[in-house]
Amino acid sequence: MVDSTSMWTRIRSHHLFWPLMALALIMLFNLIFTPGFFKLEIKDGHLFGSLIDILNRGAPLMLLAIGMTMVIATAGVDLSVGAVIAICAAVAARLIGNETGITATPLILVILISLGVAILCGIWNGLLVSRGNIQPMVATLVLMVAGRGIAQLITDGQILTIYYEPYYFIGGGYLFGLPFSLYIVAGVFLFAWLLSKRTAIGLFVESVGTNDSSSFYSGISEKNIKLFVYVFCALCAGIAGLVISSNIKSADANNAGLLAELDAILAVVIGGTLMSGGRFYLGGSVIGAIIVQSMTTTIYALGVPAEVAYVVKALVVLVVVLLYSEMVKVAMDRIFTRKETQT
Amino acid sequence: MEKLQVNRKFLPLIIAMSLFVLVYAFGMIQYKGFSSPQVFLNILIDNAFLFITCIGMTFVILSEGIDLSVGAVIALTTVVSAYMVEKMAIHPFIAIPSVLLMGTLMGLVMGSIIYFFKVQPFIVTLAGLFFARGMCFVISTEAITISHPFYRAVSLYRIYLPGGYFISVSVVIFLVVLVVALYLAHLSNFGRAVYAIGGNEHSARLMGLPVGRTKILVYTQNGFLSALAGVVFSLYTLSGYGWYVNGLELDAIAGVVIGGTLLTGGVGYVIGSVFGVLIMGLIQTIVIFQGTLNSWWTRIVVGLLTLFFILIQGALVSGKRKRLSVARIEESWEEQEDELGADPTKNLVADS
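Respectively, the protein sequence lines represent chains A and B.
Per our numbering, the very first residue in the first sequence carries number 1; after that it's consecutive.
Per our numbering, the very first residue in the second sequence carries number 1001; after that it's consecutive.
And the structure:
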């Protein structure tokens, strides 16, 4: 009896418990209300089905969430990820250029230059936050709006269509039966995970997020850590930009990654990382991204207009944020501890 | 030293005012017809909604908060009022107060969540942004044109000033809001509490100021002003659409910041924000007068200008903080030396 209670407490207090519960809830909803949701089939050696679809479409969001987790862990936030997606997609489309189906620039250079531009965006944000002492929200807000202007400058205000076939592989290709974008996500996740668990950087990031001046006094160069997380976040956004533009075969300065910021922040917050910084959970963020994407897919499957999804997401943000707030936490703890002492 | 402190406080405001004069002088020298008072009045007419939004935002930023929902609330107001007037045939005399009430309630709810649940204003108002934008499209995915005679009459009404120059009804609304805001900020208990909370929330609480009520009121007031700006905007465009004023949050924050209000709260003036918007309006007018520049150059210049002012403020604030913390460290060392005698390390070693 005692054993099972403590086991239950341990499971409940695990950081992935609530995200996984939420995911299970959405899946349960779909099991009842969306026919054929769990059907998986193999066509031409590729796996197809709603579940794979969620993972495939959710790939850019997972990438954003991984980058955003690091930023939020330093008690910051990056609102410019959507703009970086647009810039990066615009650069890639411009470099590929002509409509003949041949690329003007070798693919490897396209990728490297686009990601280089994304890194520049990250350096800009990072310098403003770490050296300019500007609140992260305001510093990144500048690029959030100006970035779309820059993307429009690159595309001449038009939607650039990409005709170069090999480029489609990044976001639409399949490898060993699974979408290629998932391998990209896995690679970025592994990199971030190794960085945070196998090197001291994870510890430094958490330390800076908890208290940046005490981190500084204990010898951590908090400015460089902050610079690093914004660069990493922008790089993730850049990769997401490549995946998105390759998937929709075009670069749209106005709409690519529009309002992606909220989705990314939502995913991170659902994943259990607090907006106030400190402990961060990369795995939680990825699950959070899957939850957000499942929500979106479910809303579409129900035949509700796409924009209405914003209302639902706004309400979910609110519920999640309230769940994590001190007041509710104290109340919850009181309820649970009372129940446990009774049993 | 005392005098220097006051100078530092006024510095951003003085810079903003000088910048306004400079840009205006530049325009007058560079372009023919720029000196006509109507050019200036047109800036007021075209930006009336932005002035109103910035005044509300000033209070929010003074209280060390932020409101990202303003643009979305403006869009929602235009959509709801257009829908009520056109699709439901409700008279504007009922529709306008209803949307104002709606905006006020949204502000009240956001303010309450921020205060009672201790959630960062940024995330709550971001949720507000998405909620309001989403609601726009729940109501209508298309733009709705307002053709009601009352709206048209108010929209086209010109108030003539001596010399044949004119302003619109929106400008009058803005001026009334400005006068009330100046009173609230500098002559009322509410304004004093806002400044105190922005300066230091903890000591404001210790002083017995109603922190919770003031904070909630700030967001409520801003919700009302956003809705009012939405009404003014629907008068300006005579339509309602969910993607209107996308990204206005930055413009509002930019206006406030250029006007010399510190983003860390507690320091700034309502009148500064008016100058902030005026400068942005002037830049826009110059881009139009130039004729060869693309319109988004305005945004880029405004962005850079905002950055410039944020950096100035950053330098001012961090300078202040650095001096404070150095003084504090020195103080604590002196205290330690007093307590421990000549060699402080001896006792520390013994302790461990």
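Every residue, glycine too, gets a C-beta built ideally from N, C-alpha and C.
Residue contact check for A:P305 against chain B: a CB pair falls below 8 angstroms. The alpha helix (DSSP H) runs lying completely inside the segment 226-295 of chain A and spanning 4 residues or more are 260-270, given in chain order.
Assigned with DSSP and collapsed to three states, B:S1036 falls in coil, not helix or strand. Excluding its 5 nearest sequence neighbours in each direction, B:G1198 has C-beta neighbours in its own chain below 7 angstroms: L1062, S1063, E1064, G1265 and G1266, listed in chain order. Two segments are said to touch when three or more pairs of C-beta atoms, one from each, lie closer than 8 angstroms; by this definition the segment 92-101 of chain A touches the segment 157-173 of chain A. Rounded to the nearest angstrom, the gap between the Cα atoms of A:G257 and B:Y1165 is 45 angstroms.
Looking at the DSSP output, A:K43 bridges to A:H46.
Taking a Cβ-Cβ threshold of 7 angstroms, the residues of chain B close to A:Q135 are L1263, in chain order.
Counted as a single uninterrupted DSSP element, the alpha helix (DSSP H) harbouring B:R1152 occupies residues P1149 to L1156. Looking at B:N1189, B:I1096 and B:Y1269, the one whose alpha-carbon comes closest to that of B:A1082 is B:I1096. In the DSSP annotation of this structure, the continuous segment of the beta strand (DSSP E) that includes B:F1166 starts and ends at F1166 to S1168. Look at A:I159 here: in three-state DSSP terms it is coil, with no helix or strand label.
Checking the DSSP bridge columns, you'll see B:G1272 has no partner listed. At a cut-off of 8 angstroms between C-beta atoms, B:T1306 counts as an interface residue with respect to chain A. Boundaries of the alpha helix (DSSP H) around B:M1110: P1092 to F1116.
Closest by C-alpha distance to A:V316, out of A:L302, A:A306, A:R334 and A:I291, is A:I291.
B:P1149 and B:M1084 have their alpha carbons spaced roughly 14 angstroms apart. Interface with chain A (8 angstroms Cβ-Cβ cutoff): B:L1041 is excluded.
Taken in chain order, the unbroken stretches of alpha helix (DSSP H) that lie wholly in the segment 1049-1090 of chain B and span 4 residues or more are 1070-1082. Sequence-distant Cβ neighbours of A:G172 in its own chain, meaning closer than 6 angstroms and more than five residues away, are N247. For A:Y183, the uninterrupted alpha helix (DSSP H) segment begins and ends at F180 to K197. A:I287 has its alpha-carbon roughly 20 angstroms from the corresponding atom of A:F48.
Scanning its chain for C-beta atoms nearer than 7 angstroms, with the 5 sequence neighbours on each side dropped, one finds around B:T1298 the residues I1283, Q1284 and V1287, in chain order.
The three-state reading of DSSP puts A:L175 in strand, counting E and B together. Distance from the CA atom of A:N254 to the CA atom of A:I87, rounded to whole angstroms, is 10 angstroms.
Contact note: B:V1138 reaches chain A through V308 and V311, using a C-beta cutoff of 7 angstroms and chain order. Looking at the backbone, the Cα of A:S250 and that of A:K223 are separated by about 37 angstroms. At least one CB atom of chain B sits nearer than 8 angstroms to the CB of A:L322. Shown in chain order are the members of the segment 133-157 of chain A whose Cβ falls below 9 angstroms from a Cβ of chain B: N133, I134, Q135, M137, V138, A139, L141, V142, L143, M144, V145, A146, R148, G149, I150, Q152, L153 and G157.
Put simply, the backbone Cα of B:L1068 is about 9 angstroms away from that of B:L1248. Excluding its 5 nearest sequence neighbours in each direction, A:P179 has C-beta neighbours in its own chain below 6 angstroms: N56, listed in chain order. Pairing A:V117 with A:A260 gives a Cβ-Cβ distance that is not under 8 angstroms. Neighbours of B:L1126 across chain A, judged by C-beta separation under 7 angstroms: L262. Apart from the 5 residues on each side of it in sequence, A:S196 sits with its Cβ closer than 6 angstroms to the Cβ of G202 in its chain, given in chain order.
Residues of chain A whose Cβ lies closer than 9 angstroms to the Cβ of B:G1033 do not exist; the shortest such Cβ separation is about 28 angstroms. A:F33 counts as exposed, since fewer than 16 other beta carbons sit within 10 angstroms of its beta carbon.
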